[in-house]
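Undergrad: Below you'll find the structure I mean.
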Amino acid sequence: MLKIANGTLVLPTGRRRADLYIQDGRVAAIGGDHPVEETLDASGCLVFPGLIDAHTHLEMDTGATWTADGYASGTLAALCGGTTTVLDFATQDRGGTLAAALEAWGGRAAGKCCCDYGFHMAVTSWNEATRRELADMVRRGVTSFKAYMAYDNLRLGDADLEALLAATRKLGYVGVHCELGDKVDENVRALLAAGRTGVENHPLSRPNAVEGDAVKRYLELCDRAGAPAWVVHLSTREGLEHIRAARKRGQKVLVETCPQYLTLTEEVYRLPDFGGAAYTCSPPIRSQADQDALWQALEQGEIDILSTDQCSFTLEQKRLGLHDFSKIPNGLPGIEYRFALAWSAGRLSPERLARTMAETPARAFGLWPRKGSLLPGSDGDVLVWDPNWRGKLSGKTQHSACGYTPWEGFSVTGRPRAVYLRGRLCVENGEPVMAGDRPLALGLGRYCPRNCVPLGMAH
Ligand SMILES: [Zn+2]
C-alpha cells in the first residue's frame with residue numbers, strides 16, 4: 056500500500072485535507088489509517104486526479120512530414136506535466152477503413168507509451184462501409200469520432216458530416232475542427248497571388264469569421280441530426296456566441312479550448328526572421344479580446360475541457376513554409392505545460408482545473424470513473440502538485456522532442472512534485488524517474504478502451 060500523506064485532495068465535492076491510499080494500481084481509500092509500505096509526504100501540495108489530455112496528435116504523418124513527437128517522447132512530456140492519459144486521433148485514410156486506421160495507430164503506439172492512451176477516430180470518407188464499421192469501433196473501445204471542415208485531404212462535406220452525426224448520435228461525440236475550408240483556400244490563394252507569402256499572413260487567411268461561421272454551421276448540422284456537439288479548440292468570441300445561442304435553444308454542446316488561445320496573442324506572427332512560424336497552428340492564435348472571452352467562459356463553466364491539440368514540429372520542419380506560409384506544418388507542443396500554464400494564470404480554482412482537465416474529459420469520453428477521479432476503485436493516477444515552486448518554462452528543459460516551446464521564458468508557479476501512473480511513481484519534481492538510462496515509464500502506458508456516452512448526457 057502507498058500512502059500520499061498530508062496533501063489536499065481535489066475532489067468533485069471540493070478540497071479535502073486527507074491521506075490517499077493506493078494499492079494494486081488503484082485508489083484504495085481516502086483517509087483512515089491503513090498499513091503502508093511506502094509514503095510520499097505531500098505537505099503543502101494539492102493532490103489532483105491524473106490529468107487527461109483529450110486532444111493530441113502524436114506520431115502523425117501530415118503528408119509532408121511527421122510530427123516531431125512520437126508516442127514515446129510525446130507521452131513522456133505529457134507525464135512530466137501531470138497528464139496520465141492522452142486521447143489521440145487515429146485518422147482514416149481517404150478511401151481506407153476505420154479498422155486499418157486503428158490498426159496503424161494502435162501499432163505505432165503499442166509498447167512505447169509512458170502514459171495510458173486511447174483513440175478518437177477521425178472519419179475522412181463517409182459511405183456505407185464506414186457506417187457499418189462504427190459498431191466495430193465501439194466494440195474496440197473507440198467511442199468518439201472526429202471530422203474536419205477544413206484541410207482538403209481530411210474534410211467532410213456538410214451532407215456527409217450530418218450523416219456521420221446522425222449515425223453516431225447514440226455512440227459518442229464527433230469533435231469537429233470548425234473552419235470553413237473553402238473560405239481558407241480562397242484567402243490563401245488571394246494572399247499568395249498578391250505575393251504575400253510570409254508567416255504574418257497565416258492568421259489573415261483564417262480570420263475569426265472562418266471559425267465563427269463554421270461553428271454556426273456545425274451546430275446547425277448537429278441540431279438537424281439530433282446529435283450532441285463537441286467543438287474542438289475554440290479560439291474566437293464569434294464561435295463562443297454561436298455556442299451560447301445553441302445552448303439557449305437547448306442543444307448539448309461540449310466545448311474545448313487550448314492553452315495557446317489563453318496565453319498568447321496574434322502579435323507572435325509578426326516576430327522577425329520567420330519567428331512567427333513557431334506559433335503557426337490552426338485555428339491561429341487570436342487577439343487579447345478573444346483570449347479574455349475564453350478565460351471568462353472557462354471561469355463561468357461555458358468551456359468544458361482544456362486540452363492541448365498537441366501537434367509538434369521542430370523549427371527546422373516549420374521551414375517547409377519559409378517561402379509559402381500555407382506550407383508551414385500546423386501545430387504546437389503544449390502537452391507538457393498545459394497544467395503549469397493554466398495553474399499559473401491564477402484564474403481557475405483547483406476544482407475547475409480538475410474538472411476541465413480530468414473529470415469532464417473522463418465523463419464525456421467514457422473513461423469515468425476509472426480515470427479522472429480520486430475515488431476508491433479508480434486507477435491510481437495521481438498528480439501531486441507543488442504550488443510553491445517557481446521557475447521558467449524552457450524548450451531546453453522540456454521533454455518533448457520538438458526542441459522549442461512557444462512559452463519560452465514564461466514564469467510559472469508550481470510543478471509536479473510527483474506523478475503516479477496506476478500507483479507507480481513515474482515523475483518526481485517534474486523529471487522522469489529513471490530505470491537505468493531510460494525513463495521507468497517507457498512502455499508502461501496501456502491502451503484504454505472506452506464506454507459509450509450517448510447524447511451528451513455526460514456534462
Ligand atoms: Zn487537433
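Residue 114 in my numbering sits at position 59 of the sequence shown, and the numbers go up by one each step. For glycine and all other residues, C-beta sits at the position ideal for the given N, C-alpha and C. All values reported here derive from a predicted model rather than from experimental measurement.
1) Is it right to say K451 is buried, meaning 16 or more other beta carbons lie within 10 angstroms of its own, or is it exposed?
2) Okay, do the stretch 207 to 219 and the stretch 342 to 354 touch, 3+ Cβ pairs below 8 Å being the bar?
3) Below 8 Å, can you find three or more Cβ-Cβ pairs linking the stretch 496 to 503 to the stretch 161 to 178?
4) Closer than 6 Å by C-beta to N242: which residues in its own chain qualify, once you throw out the five before and the five after it? Chain order, please.
5) May I ask you to check if the CB of D108 is nearer than 6 Å to at least one heavy atom of ligand 1?
6) Going straight from the alpha carbon of A164 to that of H175, what length do you get?
7) Could you check the C-alpha separation between E311 and G86 for me, to the nearest Å?
8) Assuming L396 contacts T318 under a Cβ cut-off of 8 Å, what Cβ separation, rounded to an integer in Å, is found between them?
9) Using a Cβ-based criterion (distance less than 6 Å to any ligand heavy atom), does D143 qualify as near ligand 2?
10) Under 6 Å: does the beta carbon of D364 sit that close to some heavy atom of ligand 1?
11) Kindly confirm or deny that the stretch 177 to 193 and the stretch 239 to 257 touch, where touching means at least three C-beta pairs closer than 8 Å.
12) Along the alpha helix (DSSP H) that carries D240, what are the first and last residues, could you check?
13) Where does the unbroken alpha helix (DSSP H) through Q372 begin, and where does it stop?
14) Could you check what DSSP says for V254 in three-state terms: helix, strand or coil?
15) Return the first residue and the last residue of the beta strand (DSSP E) that C481 is part of.
16) Using the rule of at least 16 other Cβ atoms within 10 Å of the residue's Cβ for burial, across every protein chain shown, is A248 buried or exposed?
17) Within the stretch 137 to 217, note down every full alpha helix (DSSP H) run reaching 4 residues or more, in order along the chain.
18) In whole angstroms, what separates the C-alpha of V82 from that of R304?
19) Give me, in chain order, the residues of the same chain whose beta-carbon lies closer than 7 Å to that of A352; leave out the 5 immediate sequence neighbours on both sides.
20) For D124, which of F144, V437, Q365, L476 has the nearest alpha-carbon?
21) For S466, which residues does DSSP report across the bridge?
22) In angstroms, rounded to a whole number, what distance separates the CA positions of I107 and L309?
23) Let me make sure I understand the geometry here. Which of H232, C277, E275, G250 has the alpha-carbon closest to that of V265?
24) Where does K58 sit, in a helix, a strand or coil, going by DSSP?
25) At what residues does the beta strand (DSSP E) containing A84 begin and finish?
26) Going by beta carbon distance, what residues of the same chain come within less than 8 Å of W398, once the five residues before and after it are set aside?
27) Where does L430 land, buried or exposed, given buried means 16+ other C-beta within 10 angstroms?
TA: On the basis of the coordinates in this document:
1) Mapped onto the sequence shown, residue 451 falls at position 396. Exposed, by the Cβ-count rule.
2) At 8 Å Cβ cutoff, the stretches do not touch.
3) The stretch 496 to 503 is in contact with the stretch 161 to 178.
4) Position 187 of the sequence shown, counting from 1, holds the residue named residue 242. Within the same chain, N242 has close Cβ partners S260.
5) Within the sequence shown, numbered from 1, the residue matching residue 108 stands at position 53. For D108, the CB stays at least 6 Å from every heavy atom of ligand 1.
6) Against the sequence shown, residue 164 aligns to sequence position 109. Against the sequence shown, residue 175 aligns to sequence position 120. One C-alpha to the other measures close to 14 Å.
7) As a first step, residue 311 is located in the sequence shown; it is residue number 256 there, counting from the start. As a first step, residue 86 is located in the sequence shown; it is residue number 31 there, counting from the start. So the two alpha carbons sit approximately 34 Å from each other.
8) Here residue 396 refers to the residue found at position 341 when the sequence shown is read from its first residue. Here residue 318 refers to the residue found at position 263 when the sequence shown is read from its first residue. By a beta-carbon distance limit of 8 Å, L396 contacts T318. Their separation comes to about 5 Å.
9) The model depicted lacks ligand 2 and carries ligand 1 instead.
10) Within the sequence shown, the letter at position 309 stands for residue 364. Yes; taking the cut-off as 6 Å, the Cβ of D364 has a heavy atom of ligand 1 nearer than that.
11) Short answer: they don't touch.
12) The residue you call residue 240 lines up with position 185 of the sequence shown. Here the alpha helix (DSSP H) through D240 covers 236 to 248.
13) Residue numbering aside, residue 372 sits at position 317 when the sequence shown is read from its first letter. First-last of the alpha helix (DSSP H) with Q372: 370 to 373.
14) Translated into positions along the sequence shown, residue 254 becomes position 199. DSSP places V254 in helix when its eight states are reduced to three.
15) Stepping through the sequence shown from its first residue, residue 481 is reached at position 426. Here the beta strand (DSSP E) through C481 covers 479 to 483.
16) Your numbering for residue 248 matches position 193 in the sequence shown. Burial call: exposed.
17) DSSP runs (the alpha helix (DSSP H)) wholly in the stretch 137 to 217: 153 to 164, 183 to 194.
18) The sequence position of residue 82 within the sequence shown is 27, counting from 1. The sequence position of residue 304 within the sequence shown is 249, counting from 1. In this structure, the alpha-carbon of V82 lies about 41 Å from that of R304.
19) Numbered from its first residue, the sequence shown carries residue 352 at position 297. In its chain, beyond the 5 residues on either side, L295, I358 have a beta carbon closer than 7 Å to the beta carbon of A352.
20) Residue mapping note: residue 124 aligns to position 69 of the sequence shown, counting from 1. Ranked by Cα distance from D124, the first of F144, V437, Q365, L476 is Q365.
21) As a working mapping, residue 466 is identified with position 411 in the sequence shown. Paired residue(s): K447.
22) Translated into positions along the sequence shown, residue 107 becomes position 52. Translated into positions along the sequence shown, residue 309 becomes position 254. I107 and L309 have their C-alpha atoms spaced approximately 16 Å apart.
23) Your numbering for residue 265 matches position 210 in the sequence shown. Of the candidates H232, C277, E275, G250, the one whose C-alpha sits nearest the C-alpha of V265 is H232.
24) Sequence index remark: in the sequence shown, residue 58 carries index 3 (1-based). Of the three classes helix, strand and coil, the one that applies to K58 here is strand, per DSSP.
25) One-based indexing of the sequence shown puts residue 84 at position 29. Per DSSP, A84 belongs to the beta strand (DSSP E) from 81 to 85.
26) In the sequence shown, counting from the first residue as 1, residue 398 sits at position 343. Spatial neighbours of W398 in its own chain (CB-CB distance under 8 Å, excluding positions within 5 residues in sequence) are listed in chain order as L408, W440, P442, V467, T468, G469.
27) Looking up residue 430 in the sequence shown gives position 375. Its Cβ having fewer than 16 others within 10 Å, L430 is exposed.
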